[in-house]
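*Asks:* Protein chains in written order, with numbering that gives the first Met the number 0: chain A, 0 to 234; chain B, 0 to 247.
All C-beta atoms in this analysis are idealised placements derived from N, C-alpha and C, irrespective of residue type, glycine included.
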Amino acid sequence: MFVFLISAIVQAFRAPAKLRLIVYHIKTIGVDSLSVVALSGFFTGMVMGFQGYYSLRQFNAESWLGSATALSLLRELGPVLSAFMVTGRTGSAMAAELGTMRATEQIDALYSMAINPIKYLVTPRIVASLIAMPMLTAIFNVIGIFGSYAVGVGILGVSSGSFFSGMENSVVFHDVYSGMIKSLCFGLIITWICCYKGFHAPPMATGVSQATTESVVLSFVFILVWDYFLTSVML
Amino acid sequence: MIQVVDLYKAFGRQQVLRGVNLEFAKGKTTTIVGTSGCGKTVLLKHLNALLLPDRGEVLIDGIDITKLGQKELYQIRAKFGVLFQGAALLDSMTVFDNVAFPLREKTRMTEGEVKTKVADRLEQVGLAEMGHKLPAELSGGMRKRAGLARALIMDPEIVLFDEPTTGLDPVLATSIHQLISRTQHDFGYTGIIVSHTIPQVFEITDYVVMLAGGVVEEVAPPEAFSVSESPIVQQFIHGRTEGPIDVL
Chain A
0 MFVFLISAIV QAFRAPAKLR LIVYHIKTIG VDSLSVVALS GFFTGMVMGF QGYYSLRQFN
60 AESWLGSATA LSLLRELGPV LSAFMVTGRT GSAMAAELGT MRATEQIDAL YSMAINPIKY
120 LVTPRIVASL IAMPMLTAIF NVIGIFGSYA VGVGILGVSS GSFFSGMENS VVFHDVYSGM
180 IKSLCFGLII TWICCYKGFH APPMATGVSQ ATTESVVLSF VFILVWDYFL TSVML
Chain B
0 MIQVVDLYKA FGRQQVLRGV NLEFAKGKTT TIVGTSGCGK TVLLKHLNAL LLPDRGEVLI
60 DGIDITKLGQ KELYQIRAKF GVLFQGAALL DSMTVFDNVA FPLREKTRMT EGEVKTKVAD
120 RLEQVGLAEM GHKLPAELSG GMRKRAGLAR ALIMDPEIVL FDEPTTGLDP VLATSIHQLI
180 SRTQHDFGYT GIIVSHTIPQ VFEITDYVVM LAGGVVEEVA PPEAFSVSES PIVQQFIHGR
240 TEGPIDVL
């Protein structure tokens, strides 16, 4: 599995770069995931607005709602939940597509045309996910904060000024930066695991479905484990 | 010249090839026949190193390809064209783009030159008007023709055909056979066909190889093969259930 990742990364530095494929996969990973990421970000933010408000009210600290929401989203929930969404929407599709290509001998056809299938199929997806994931996470964060604002300020009556001033006072660049580092790592994990599982799927229908399931489950586990390590290092 | 020397291959506990020794004559067509699961496709996939043997050698012009690194292997594979059983067209591309794919990836031809050459090949396989279609929109016979056009686009020295007529009706099967025969005559490649379609395939082949029990049972020109004294060959040709071949 590590050899697979390393050879995909090595191919990224070998000419010719597959720019057209990278752009195509930025669309499939990024643009096509936008609606589901935005929707989940908005509802996550709204839930945080409710939960945060009633938790903070016990300490007479409702004015810190903006700060609590922003820090939670930027550091943890934004990168992790947007990675989960991309895994479910795009990662599973990657595994199924490559698994089907394996079953229908399309990957063998690439080998026999003297074309490196890792360079053609895997490397562009990895590069695209490294570009798309931080953007999706940033969008998730912004929409999540807006969701929390809508609930906290619009429904529960928190002052708009205190919502934003608390955020401004507590959020530092390190919070944004650590979230972006996480999203980069998660983008790599998703494409690595899902492409690996699809690429090595047994060439039959059950093999493809099994590879798809395993890719999603393994990606979730790797994301959470890696999130723990990154958090412990970057806090 | 392709030589297979003492080739062994097992998948888990199942020993598929048990010491295959074989030579494929340059510029000729050889058909490999045998019962289902006897290792014909496995042998074929060893010829361009899509599979690597547990033991033995595959020599292409004297070079043992089983011991080559990735880079050298890609150079050797460039000598091959392969028509896969299901054609293995890239399903996200049109027929035209599938055929053009090796040219765009492996040569420095201009788009105009690519278009001319692809149009020429599609014309040769009778798909001149089908270039804009996706593989899913084609019939089985058309997919095989498109696969053949892609296999021939790089003017390969060797073309491997994995059951080119499986799943096709007799008329289409004959048209594919004729196509193989005509393109082999036009381009002069070494053709290696895995087929079940006997005796029809005998009309387009120079030699017939029969695999049985993981080894070569018989190698002969079609006429001699038909009258082989091997009871395995005779049982296979006549489709008898009684004889030395185990019927599962």
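When the cut-off is 7 Å and only beta carbons count, does Ile114(A) lie next to chain B?
*Replies:* Position 115 of the first sequence holds residue 114(A). Yes - at least one Cβ of chain B is within 7 Å of the one on Ile114(A).
*Asks:* State yes or no: is the beta carbon of Glu104(A) nearer than 7 Å to at least one beta carbon in chain B?
*Replies:* By one-based count along the first sequence, residue 104(A) stands at place 105. So, interface residue.
*Asks:* When you compare the CB positions of Val232(B) and Ile31(B), do they come within less than 7 Å of one another, or not?
*Replies:* Looking up residue 232(B) in the second sequence gives position 233. Looking up residue 31(B) in the second sequence gives position 32. Not in contact: Val232(B) and Ile31(B) (Cβ atoms no closer than 7 Å).
*Asks:* Mind checking whether Phe160(B) and Leu46(B) have CB atoms under 7 Å apart?
*Replies:* Here residue 160(B) corresponds to residue number 161 of the second sequence, with the count starting at 1. Here residue 46(B) corresponds to residue number 47 of the second sequence, with the count starting at 1. Cβ atoms of Phe160(B) and Leu46(B): not closer than 7 Å.
*Asks:* What is the DSSP secondary structure of Leu21(B), reduced to helix, strand or coil?
*Replies:* Within the second sequence, residue 21(B) is the residue found at index 22, counting from 1. Correct three-state label for Leu21(B): strand.
*Asks:* For the pair the region 97 to 114 of chain A and the region 136 to 148 of chain A, tell me if three or more CB-CB distances fall below 8 Å.
*Replies:* Result no; under three Cβ-Cβ pairs closer than 8 Å.
*Asks:* Taking the straight line between their C-alpha atoms, what separation do you get for Phe83(A) and Ile189(A)?
*Replies:* Residue 83(A) sits at position 84 when you count from the first residue of the first sequence. Residue 189(A) sits at position 190 when you count from the first residue of the first sequence. One C-alpha to the other measures close to 9 Å.
*Asks:* For the candidate residues Leu16(B), Val57(B), Pro52(B), Asn20(B), whose alpha-carbon lies nearest to that of Gly38(B)?
*Replies:* By 1-based counting over the second sequence, the position of residue 38(B) is 39. Minimum Cα distance to Gly38(B) is reached at Leu16(B).
*Asks:* Step through the CB atoms of chain A and report whether any lies within less than 7 Å of the CB of Pro169(B).
*Replies:* Against the second sequence, residue 169(B) aligns to sequence position 170. With 7 Å as the cut-off, Pro169(B) does not count as an interface residue toward chain A.
*Asks:* Is the region 123 to 143 of chain A in contact with the region 75 to 95 of chain A, if contact means three or more CB pairs nearer than 8 Å?
*Replies:* Short answer: they touch.
*Asks:* Report yes or no: is there a C-beta of chain B within less than 7 Å of the C-beta of Tyr110(A)?
*Replies:* Residue mapping note: residue 110(A) aligns to position 111 of the first sequence, counting from 1. Yes - at least one Cβ of chain B is within 7 Å of the one on Tyr110(A).
*Asks:* How is Lys8(B) classed by DSSP in three states: helix, strand or coil?
*Replies:* Locating residue 8(B) in the second sequence gives position 9, counting from the first residue. Correct three-state label for Lys8(B): strand.
*Asks:* List the residues of chain B whose Cβ lies closer than 9 Å to the Cβ of Asp107(A), in chain order.
*Replies:* As a working mapping, residue 107(A) is identified with position 108 in the first sequence. By Cβ distance, chain B contributes Lys44, Leu49, Val81, Phe83, Ala87.
*Asks:* May I have the straight-line CA-CA distance separating Asp174(A) from Phe185(A), to the nearest angstrom?
*Replies:* On the first sequence, position 175 is the one that residue 174(A) refers to. On the first sequence, position 186 is the one that residue 185(A) refers to. Near 17 Å, if we compare the C-alpha coordinates of Phe185(A) and Asp174(A).
*Asks:* Is Arg76(B) close to chain A, meaning its C-beta is less than 7 Å from at least one C-beta of that chain?
*Replies:* Residue mapping note: residue 76(B) aligns to position 77 of the second sequence, counting from 1. Closer than 7 Å: yes.
*Asks:* Distance, Cα to Cα, Asp245(B) vs Ala211(B)?
*Replies:* Here residue 245(B) refers to the residue found at position 246 when the second sequence is read from its first residue. Here residue 211(B) refers to the residue found at position 212 when the second sequence is read from its first residue. For Asp245(B) and Ala211(B), the distance between alpha carbons rounds to 10 Å.
*Asks:* Between the Cα of Phe79(B) and the Cα atoms of Ser225(B), Tyr188(B), Glu202(B), which residue gives the shortest distance?
*Replies:* Taking the first residue of the second sequence as position 1, residue 79(B) is located at position 80. For Phe79(B), the nearest C-alpha among the options comes from Tyr188(B).
*Asks:* When you compare the CB positions of Gly197(A) and Leu97(A), do they come within less than 7 Å of one another, or not?
*Replies:* In the first sequence, counting from the first residue as 1, residue 197(A) sits at position 198. In the first sequence, counting from the first residue as 1, residue 97(A) sits at position 98. Cβ atoms of Gly197(A) and Leu97(A): closer than 7 Å.
*Asks:* For the region 70 to 105 of chain B, which segments carrying the beta strand (DSSP E) assignment without a break, of at least 3 residues, lie completely within its bounds, in sequence order?
*Replies:* List check, beta strand (DSSP E) in window: 79 to 82.
*Asks:* Taking Cβ positions only, does Pro52(B) come closer than 7 Å to chain A?
*Replies:* Start at 1 with the first residue of the second sequence, and residue 52(B) comes out as number 53. Cβ-Cβ to chain A under 7 Å: no for Pro52(B).
*Asks:* What residues from chain A crowd round Pro101(B), counting only those whose CB sits closer than 9 Å?
*Replies:* Counting from 1 along the second sequence, the entry for residue 101(B) is found at position 102. Simply Met112, Ala113, Ile114.
*Asks:* Beta-carbon of Tyr73(B) versus every beta-carbon of chain A: anything under 7 Å?
*Replies:* In the second sequence, residue 73(B) corresponds to position 74, counting from 1. So yes, Tyr73(B) belongs to the interface.
*Asks:* Which term fits Ile154(A), buried or exposed, when burial requires 16 or more other beta carbons within 10 angstroms of its beta carbon?
*Replies:* The residue labelled residue 154(A) in the question sits at position 155 within the first sequence. With fewer than 16 Cβ atoms within 10 Å of its Cβ, Ile154(A) is classed as exposed.
*Asks:* Less than 7 Å between CB atoms is the rule here; does Glu104(B) satisfy it with respect to chain A?
*Replies:* Residue mapping note: residue 104(B) aligns to position 105 of the second sequence, counting from 1. Yes, Glu104(B) lies at the interface with chain A (some Cβ there is under 7 Å from its Cβ).
*Asks:* Which of helix, strand or coil does DSSP assign to Ala211(B)?
*Replies:* Translated into the one-based positions of the second sequence, residue 211(B) becomes position 212. Ala211(B): strand per DSSP, three-state reduction.
*Asks:* Measuring straight from C-alpha to C-alpha, what distance separates Phe162(A) and Thr68(A)?
*Replies:* As a first step, residue 162(A) is located in the first sequence; it is residue number 163 there, counting from the start. As a first step, residue 68(A) is located in the first sequence; it is residue number 69 there, counting from the start. Roughly 10 Å between the two C-alpha positions.
*Asks:* Apply the 10 Å Cβ neighbour rule to Asp5(B) and answer buried if 16 or more other Cβ atoms are within range, or exposed otherwise.
*Replies:* Here residue 5(B) is taken as the residue at index 6 of the second sequence, counted from 1. Answer is exposed; the Cβ neighbour count stays below 16.
*Asks:* Suppose you measure from the CA of Thr106(B) to the CA of Glu167(A); what does that come to, to the nearest Å?
*Replies:* Taking the first residue of the second sequence as 1, we reach residue 106(B) at position 107. Taking the first residue of the first sequence as 1, we reach residue 167(A) at position 168. Cα-Cα distance, rounded: 56 Å.
*Asks:* Would you report the Cα separation of Ile191(B) and Ser174(B), rounded to the nearest angstrom?
*Replies:* The residue given as residue 191(B) occupies position 192 in the second sequence. The residue given as residue 174(B) occupies position 175 in the second sequence. If I take the Cα positions, the gap works out to 18 Å.
*Asks:* Please confirm if the region 115 to 134 of chain B is in contact with the region 90 to 102 of chain B, defined as three or more CB-CB distances below 8 Å between the two stretches.
*Replies:* Contact holds: three or more Cβ-Cβ distances are below 8 Å.
*Asks:* Beta carbon of Ile25(A), beta carbon of Ala127(A): below 7 Å?
*Replies:* The residue labelled residue 25(A) in the question sits at position 26 within the first sequence. The residue labelled residue 127(A) in the question sits at position 128 within the first sequence. In this structure, Ala127(A) lies closer than 7 Å to Ile25(A) by Cβ.
*Asks:* When burial is assigned at 16 or more other CB atoms within 10 Å of the CB, is Tyr110(A) buried or exposed?
*Replies:* Taking the first sequence and counting its residues from 1, the one referred to as residue 110(A) is at position 111. Its Cβ being crowded by 16 or more others within 10 Å, Tyr110(A) is buried.
*Asks:* In three-state terms, what does DSSP make of Asp205(B)?
*Replies:* Counting from 1 along the second sequence, the entry for residue 205(B) is found at position 206. In this structure, Asp205(B) counts as coil in the three-state DSSP scheme.
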